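**Q** Heads up: the sequence shown begins at 1 in the UniProt record's numbering, then just goes up one per residue.
Structure below; questions to follow.
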Amino acid sequence: MTKKTDQDVMRENNKKLVLKTLFNAGQTSRSSIASAIHLQKSTVSSIVRELHEEGLIEELGIGESSHTGGRRPNLIQFNYRYGYVLAFDMGARHLRYSVNYLNGEVIQKESLRLTGRSIKDVFQMMREVISGLKAFDTMKGLLGIAVSTHAPVHENEIRYSPFLELDSFSLLTALEEIVDVPIEFENEANLTAISIRDFWYYSGEEPLQNLLALNIHNGIGVGTIINEQLYYGVQGLAGEIGRSVICKDKQVYRLEELYSEKAIMEKIAKHENKPELTVDEFAALIKKKDAFVLEVVDEWITAIAQITYNLVQYSAPEAVFLSSRSLSQFPDLLDRISEEYQALDPLGETRIEFTQHDIYDSSLLGGVALISRQVLGLESQDLIFKK
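Here it is as structure tokens:
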């Protein structure tokens with residue numbers, strides 16, 4: 001393999017800077033890019049020419065001259081229709097997917113009811129989705145696939161799943177046999193953290209560099225961003241706080257056995273003499289102000305506040321973002337979590353936030369950002385995606 005020279009490395013880095021600036025800028029010009037990243041105009045023009053030949057730049061025509069006069073600029077922008085990416089989210093009961101342009105804009109998305117618990121059943125559904133994809137008015141079509149899983153991932157393989165029967169079946173290998181594009185598997189809490197980093201609307205604030213995404217669904221998981229990069233831990237096991245142990249009534253439990261959304265709904269379903277509850281049925285009982293349900297929810301809110309407090313004292317992030325399908329329907333319950341958290345007198349000024357976009361979209365958007373970055377070679381650059 002030919003060894004890269006310092007000049008080659010510098011050229012690659014400059015190309016990434018130009019592409020990143022294009023990605024974030026919307027309409028711009030070669031001179032504006034050169035000024036923004038402090039490169040010579042000739043260097044930028046050469047790189048822009050190269051990116052144009054690759055199909056990553058769209059020419060927009062002549063712009064207006066500046067107030068000082070002078071030559072009118074040729075306007076360009078990132079060609080977000082260069083291709084599209086596909087993100088899957090494998091839940092306990094549904095397979096959700098989203099097809100997005102490289103800049104994050106949604107082309108289509110859908111939620112499909114799982115027909116079985118085997119990973120092979122999930123693969124067959126994925127195969128049908130992939131076979132039905134079109135070009136969607138793009139140059140290159142499908143460029144990559146991200147798969148969100150409610151389980152730890154190591155070396156792009158699912159370590160185990162509490163909801164699906166893996167049966168020693170490699171979903172990655174099966175997908176690679178039907179498509180020739182990059183495929184990335186990632187934990188859903190990690191992808192939620194990525195979606196907050198890359199899609200969050202900051203209202204003019206500086207993007208957060210250190211944050212936690214606390215997901216309370218069928219399990220309890222945390223995605224961690226440190227210095228704008230995802231933290232994985234050894235073998236991708238960081239964030240599995242649902243497996244933390246807690247002592248209650250002289251018995252040892254895992255945290256998610258008591259305080260995951262699934263555990264709370266199972267406890268209420270048992271009281272209601274039902275085999276199970278849906279999220280909507282759970283929400284209806286809260287609205288009905290059922291005495292037993294409110295008592296369980298009170299304990300749950302206190303537990304979530306305490307879990308959040310412990311996470312903050314350990315890692316001191318700028319913000320913790322809470323995500324729960326049922327709690328998101330009740331702003332007053334979210335306010336109570338914040339109040340109980342503040343009553344614990346936490347150190348520092350960590351903000352407690354709640355995810356802005358749809359709960360079900362978070363991991364999908366994170367998957368879109370993850371695979372788009374890989375396709376463009378901009379894994380560690382500051383990118384601004386669109387919804």
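Backbone N, C-alpha and C define an ideal beta-carbon position, used for all residues, glycine too.
The structure presented is a predicted model; accordingly, all values stated were derived computationally and were not measured.
Between which two residues does the beta strand (DSSP E) carrying G366 extend?
**A** Residue mapping note: residue 366 aligns to position 366 of the sequence shown, counting from 1. G366 -> not in any beta strand (DSSP E); alpha helix (DSSP H) instead, spanning 362 to 376.
**Q** Please classify N215 as buried or exposed, where buried requires at least 16 neighbouring CB atoms within 10 angstroms.
**A** In the sequence shown, the residue the question calls residue 215 occupies position 215. Under this definition N215 is a buried residue.
**Q** For the alpha helix (DSSP H) that contains E299, what are its first and last residues?
**A** In the sequence shown, residue 299 corresponds to position 299, counting from 1. Taken as a continuous stretch (DSSP letters only), the alpha helix (DSSP H) holding E299 covers 291 to 315.
**Q** Keeping to the same chain, check which residues put their C-beta closer than 6 Å to that of S351; ignore five residues upstream and five downstream.
**A** What you label residue 351 is simply residue 351 of the sequence shown in a count that begins at 1. Before going further, note that residue 351 is Arg rather than Ser in the sequence given. Correct list, in chain order: A319.
**Q** If you count every other CB in all the chains shown that lies within 10 Å of the CB of E261, and 16 or more means buried, which is it?
**A** The sequence position of residue 261 within the sequence shown is 261, counting from 1. By the 10 Å Cβ count, E261 comes out buried.
**Q** Does the pairing of the region 50 to 58 with the region 16 to 24 give three or more beta-carbon distances under 8 Å?
**A** Judged by Cβ distances under 8 Å, the region 50 to 58 makes contact with the region 16 to 24, as three or more pairs qualify.
**Q** Going by C-alpha distance, which of V106, Y84, R113, N103 is nearest S95?
**A** Position 95 of the sequence shown, counted from the start, is the residue given in the question as residue 95. Correcting the residue identity first, residue 95 is Leu in this sequence and not Ser. Closest by alpha carbon: R113.
**Q** Taking 7 Å as the limit between beta carbons, can you name the residues of its chain near S31, skipping five residues before and five after?
**A** In the sequence shown, counting from the first residue as 1, residue 31 sits at position 31. So the list reads K41, P73, once near-sequence residues are dropped.
**Q** Taking 8 Å as the cut-off, decide whether the C-beta atoms of L365 and G104 are in contact.
**A** Reading the sequence shown from its first residue, position 365 is the one you call residue 365. Reading the sequence shown from its first residue, position 104 is the one you call residue 104. Going by C-beta atoms, L365 is nearer than 8 Å to G104.
**Q** Between the beta-carbon of P207 and the beta-carbon of D361, is there less than 8 Å?
**A** On the sequence shown, residue 207 is found 207 positions in, with the first residue counted as 1. On the sequence shown, residue 361 is found 361 positions in, with the first residue counted as 1. Not closer than 8 Å, so no.
**Q** For T149 and E266, I'd like the C-alpha separation in whole angstroms.
**A** In the sequence shown, the residue the question calls residue 149 occupies position 149. In the sequence shown, the residue the question calls residue 266 occupies position 266. Between T149 and E266, the C-alpha separation is close to 22 Å.
**Q** Need the endpoints of the alpha helix (DSSP H) that R336 sits in, please.
**A** Your numbering for residue 336 matches position 336 in the sequence shown. That run of the alpha helix (DSSP H) goes 331 to 343.
**Q** Is there a C-beta anywhere in chain D that falls below 8 Å from the one on V368?
**A** No chain D appears in the structure shown, which is made up of a single protein chain.
**Q** Under the DSSP definition of a beta bridge, which residues are partnered with F185?
**A** Taking the first residue of the sequence shown as 1, we reach residue 185 at position 185. BP columns for F185 point to V147.
**Q** Give the C-beta separation of T224 and G239 to the nearest angstrom, bearing in mind that I take them to be a contact with Cβ-Cβ under 8 Å.
**A** Taking the sequence shown and counting its residues from 1, the one referred to as residue 224 is at position 224. Taking the sequence shown and counting its residues from 1, the one referred to as residue 239 is at position 239. 6 Å between Cβ atoms; contact.
**Q** Going by other Cβ atoms of all chains shown within 10 Å of its Cβ, with 16 needed for buried, is P275 buried or exposed?
**A** In the sequence shown, residue 275 corresponds to position 275, counting from 1. Answer is exposed; the Cβ neighbour count stays below 16.
**Q** Using the three-state DSSP reduction, which class does L19 fall into: helix, strand or coil?
**A** The count along the sequence shown starts at 1 and reaches residue 19 at position 19. L19: helix per DSSP, three-state reduction.
**Q** Measure the alpha-carbon distance for R373 versus I268 and round it to whole angstroms.
**A** Indexing the sequence shown from 1 puts residue 373 at position 373. Indexing the sequence shown from 1 puts residue 268 at position 268. Each residue's alpha carbon lies about 42 Å from the other.
**Q** Taking A369 as the reference, which of A135, S98, A36 has the closest Cα?
**A** Translated into the one-based positions of the sequence shown, residue 369 becomes position 369. It is S98.
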